[in-house]
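Residue 162 is where the sequence shown ends in this note's numbering, and the numbering goes up by one at each step.
Heads up, the beta-carbon is just placed ideally off N, CA and C, and yes, glycines get one too.
Note that the structure is predicted; figures quoted are calculated from it, not measured.
Here's the structure we're looking at; comments come further down.
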Amino acid sequence: MITGSCQCGAVQYELLSEPFRASHCHCKMCQKLHGSAFATYVTISKNDLSYISGLTEITEYSSSAHVTRKFCRTCGSNVEWSDSRRYPDRVSVTLATLDGSYSPSEIHEIFAETAVCWSVR
Numbered sequence: 042m043i044t045g046s047c048q049c050g051a052v053q054y055e056l057l058s059e060p061f062r063a064s065h066c067h068c069k070m071c072q073k074l075h076g077s078a079f080a081t082y083v084t085i086s087k088n089d090l091s092y093i094s095g096l097t098e099i100t101e102y103s104s105s106a107h108v109t110r111k112f113c114r115t116c117g118s119n120v121e122w123s124d125s126r127r128y129p130d131r132v133s134v135t136l137a138t139l140d141g142s143y144s145p146s147e148i149h150e151i152f153a154e155t156a157v158c159w160s161v162r
């Protein structure tokens with residue numbers, strides 16, 4: 042079982058299955074939300090994400106018509122995003138919030154056309 046948490050530890054979750062995709066997202070939205078060159082996510086079935094604690098600490102932001110992003114209201118850690126239209130049965134959690142040493146076998150580069158020029162890839 043793979044567990045994860047926000048920086049302050051208020052939000053804790055577990056993945057009930059192995060992620061089936063990992064990606065570095067270089068879209069402008071992820072750059073702004075994470076304050077970074079890209080955001081790294083792993084994707085699983087929505088049914089396989091279980092929050093252990095901190096549900097009351099999670100707040101949501103609709104970054105577009107169908108995309109919802111969730112983060113810890115205490116420390117601000119980005120925890121997940123989902124797209125109700127394109128991927129209604131999936132959810133992606135930020136790889137950096139996973140506890141332990143999960144290492145995906147492959148990481149896809151998405152929205153590379155908007156990658157910042159100062160990013161090391």
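In the DSSP assignment, K87 falls outside any beta strand (DSSP E), carrying neither H nor E. The beta-bridge partner set that DSSP reports for L56 consists of I43, L90. Per DSSP, the continuous beta strand (DSSP E) segment holding C113 begins and ends at 108–113. Per DSSP, the unbroken alpha helix (DSSP H) holding H75 starts and ends at 69–75. For the pair of segments examined, the stretch 84–99 was found not to touch the stretch 150–160: the number of CB pairs separated by less than 8 Å stays below three. Per the DSSP secondary-structure output, S103 pairs in a beta bridge with T109. V83 is the residue among V83, C113, M70 whose C-alpha sits nearest the C-alpha of Y143.
Straight-line measurement puts the Cα of D130 at about 25 Å from the Cα of Q72. Around A63, the same chain offers V83, P145, I148 as residues with beta carbons nearer than 6 Å, after the five sequence neighbours per side are excluded.
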